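The sequence shown stops at residue 159 when you use the numbering used here, and every number in between is there.
Glycine residues also receive a C-beta, built at the ideal position from the N, C-alpha and C atoms.
Quick caveat, the model's predicted, so the values are computed rather than measured.
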Amino acid sequence: MNTSALIRPAWTPATIALMVIGFMVFWPLGFAMLAYIIWGDRLDGFKRDVNRATDGIFAGCRRGSDKAARWGHGSARTGNVAFDDWREKELERLAEERRKLDEMLSEFDEYARELRRAKDQEEFDRFMANRNKSTSPMTGSTTNNKTTGKPTPGLLDE
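If you want it as structure tokens, here you go:
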């Protein structure tokens, strides 16, 4: 253990201050600091044991990822040349199918975008035509209808 460390498992002013602050903030923190002061020198053996256990667990995960690589999720060979060749051809065929589907998707997106643009243009043209019709030369808010002589409502009166 490094004896020059500020926080080490010993009764130093820093560890005592941290323990007191820990009790004042949240009592389990104070107990954790007290346990570190008393039993912290045994922490090296504990860390070593924990590291061994986690290495064993992650070694199992690595073995699992190796199996996944063998089943087409990577480039690992199985040792059977005929199977490996067939698998590579199938993966290439699937990659080609994926590329074709992606091209078709982009073409459809372009088509849908063009349809939306055409629909928006049609609606805008209709709006402008209606707007131009209703804002044709009117002097007041109401105009007289030529056939009946009755006033017709203007744009704002509708």
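Rounded C-alpha distance that separates residue i from residue j
| i | j | result |
| --- | --- | --- |
| Phe128 | Asp110 | 27 Å |
| Ala83 | Ala77 | 14 Å |
| Ala130 | Ala119 | 16 Å |
| Glu104 | Glu98 | 10 Å |
| Asp121 | Arg100 | 31 Å |
| Arg49 | Thr55 | 10 Å |
| Asp86 | Leu102 | 24 Å |
| Ile8 | Ala15 | 6 Å |
Residue i - containing alpha helix (DSSP H), residue span
| i | result |
| --- | --- |
| Thr16 | 14 to 26 |
| Arg100 | 82 to 135 |
Residue-level contact to chain C via CB, residue i, 8 Å cutoff
| i | result |
| --- | --- |
| Phe84 | This model lacks chain C altogether, as it is built from one protein chain only. |
DSSP state of residue i mapped onto helix, strand, coil
| i | result |
| --- | --- |
| Ala36 | helix |
| Thr55 | helix |
Buried or exposed by the 16-neighbour rule on C-beta atoms within 10 Å, applied to residue i
| i | result |
| --- | --- |
| Ile38 | buried |
| Leu19 | buried |
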